[in-house]
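Numbering-wise (this note's numbering), the sequence shown opens with residue 127 and increments by one.
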Amino acid sequence: ETSGPLLVGKTLKGFEHARKQIVAGIMKDYLVLVHGTLPTERGECRQPVDTSTYAESKRVRIDKAGQPATTVWEAIAEYESPDRSEKYTLVCCRMVTLRTHQVRVHMQHM
């Protein structure tokens with residue numbers, strides 16, 4: 127499950143200012159914990175994300191028929207479970223494009 131902030135303008139002037147900032151382009155950074163390790167410390171995933179069947183199947187996937195999507199990522203730290211059976215990586219992901227479940231799909235692709 128994902129969640130995010132809700133932005134509300136208290137005045138019309140504040141609303142218009144926020145709207146202009148959004149139209150100009152907001153970069154979204156996510157701090158995510160992923161299973162396993164990544165092949166390099168930083169990188170970029172440019173794989174198209176297909177959400178065309180999302181409503182019926184609740185699945186989003188990488189597919190050449192999908193919309194262009196770019197996520198830039200940097201590994202922050204790596205962790206092991208106490209019994210050393212699992213590895214995890216803390217990753218900062220910047221969404222250059224904003225597609226449904228883009229970070230999840232791109233990290234799974236890595």
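Just so it is clear, CB atoms sit at the ideal spot from N, CA and C, and this is done for glycine as well.
The structure displayed is predicted, hence computed values, not measured ones.
Closest residue to residue i among the options (Cα-Cα distance)
| i | options | result |
| --- | --- | --- |
| R225 | S211, L159, T197 and G169 | T197 |
| E204 | P194, A195 and V217 | V217 |
| T166 | A201, F141, V175 and I148 | A201 |
| Q228 | C171, V134 and E142 | C171 |
| R168 | L132, R210 and W199 | W199 |
Where the alpha helix (DSSP H) containing residue i begins and where it ends
| i | result |
| --- | --- |
| R145 | L138 to A150 |
Limits of the unbroken beta strand (DSSP E) element including residue i
| i | result |
| --- | --- |
| H232 | Looking at the DSSP string, H232 is not in any beta strand (DSSP E); the run it does join, the alpha helix (DSSP H), is Q228 to H235. |
| M221 | K213 to M221 |
| E170 | R168 to R172 |
| A195 | No beta strand (DSSP E) contains A195, which DSSP labels as neither H nor E. |
| L164 | Segment: none, L164 is in no beta strand (DSSP E) and carries neither H nor E. |
Residue i burial status per 10 Å Cβ neighbour count (16 or more: buried)
| i | result |
| --- | --- |
| A191 | exposed |
| H232 | buried |
| Q173 | buried |
| V160 | buried |
Distance, residue j Cα to residue i Cα
| i | j | result |
| --- | --- | --- |
| L138 | A144 | 10 Å |
| V222 | D209 | 37 Å |
| Q147 | P131 | 15 Å |
Sequence-distant residues of its chain with Cβ nearer than 8 Å to residue i (five each side left out)
| i | result |
| --- | --- |
| T177 | V186, G192, Q193, R225, T226 and H227 |
Same chain, Cβ closer than 7 Å to residue i, five either side skipped, listed in chain order
| i | result |
| --- | --- |
| T163 | E204, K213 and T215 |
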